[in-house]
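Notes follow once the structure below has been shown.
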Ligand code: AMP
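Numbering (this note's numbering), first residue to last: 121 to 264.
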């Protein structure tokens, strides 16, 4: 699969970006089509396509920078009463740019952003069954 994405050009300085934070591993910049005003993307500088390819240490850094950006949004001139983190992993999840990115979305009352899911409470037995399945997968993925 073609590893190129526009985010590689942004990291390399070949494409324009309104940067808010940069260090050796992580870059944060304004989303070009913000879902709310002040919407920021936090990305690893290395071209990592998916969560499964993302080094957990680097994932930790993304989250840390996301936290700092969230605090900065609240302290800045951006209208921000709350913050949502969002990360789309895979086409079905809505990923359009195949370079991992954490959306940091400032929220204000009535801004129109939200999830369309209609959650229902399943029987406990169903929750327990799936929990056991996920625990097994976790043990196989992350042996003690
Ligand atoms: P996703 O659907 O989670 O893959 O989100 C991709 C995000 O990247 C969208 O919110 C786009 O608006 C944003 N985006 C795409 N191209 C650029 C760009 N050149 N600069 C800033 N944000 C971008």
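Even glycine gets a Cβ: it sits at the ideal position worked out from N, Cα and C. What you are looking at is a predicted structure, and each value in this text was computed from that prediction instead of being measured.
| field | Bridge partner(s) assigned by DSSP for residue 203 | value | Residue pairing for residue 203: DSSP places it in a beta bridge opposite 226.
| By how many angstroms is the C-alpha of residue 134 removed from the C-alpha of residue 156? | Within the model, the alpha-carbon separation for residue 156 versus residue 134 is close to 26 Å.
| said: Using a 10 Å radius around the Cβ and a threshold of 16 neighbouring Cβ atoms, would you call residue 190 buried or exposed? | reply: It is buried - the Cβ of residue 190 has at least 16 other Cβ atoms within 10 Å.
| request: Report the partner residues of residue 141 according to the DSSP bridge assignment. | output: Residue 141 pairs with 148.
| Comparing alpha-carbon positions, which option in 260, 175, 208 and 182 lies nearest residue 148? | Nearest of 260, 175, 208 and 182 to residue 148, Cα basis: 182.
| task | Report the rounded CA-to-CA distance for residue 151 versus residue 177, giving the unit in angstroms. | result | Computed Cα separation, rounded: 24 Å.
| Going by alpha carbons, who is nearest to residue 211 out of 124, 169, 164 and 137? | When each option's Cα is compared against that of residue 211, the closest is 169.
| How should residue 186 be labelled, buried or exposed, when 16 other C-beta atoms within 10 angstroms of its C-beta is the threshold for buried? | Residue 186 should be labelled buried.
| said: For residue 195, which residues in the same chain have their Cβ closer than 8 Å to its Cβ, ignoring the five residues on either side in sequence? | reply: When the five nearest sequence neighbours on each side are left out, no beta carbon in the same chain lies closer than 8 Å to the beta carbon of residue 195.
| message | DSSP three-state label for residue 162, please. | response | Collapsing the DSSP output to three states places residue 162 in a strand.
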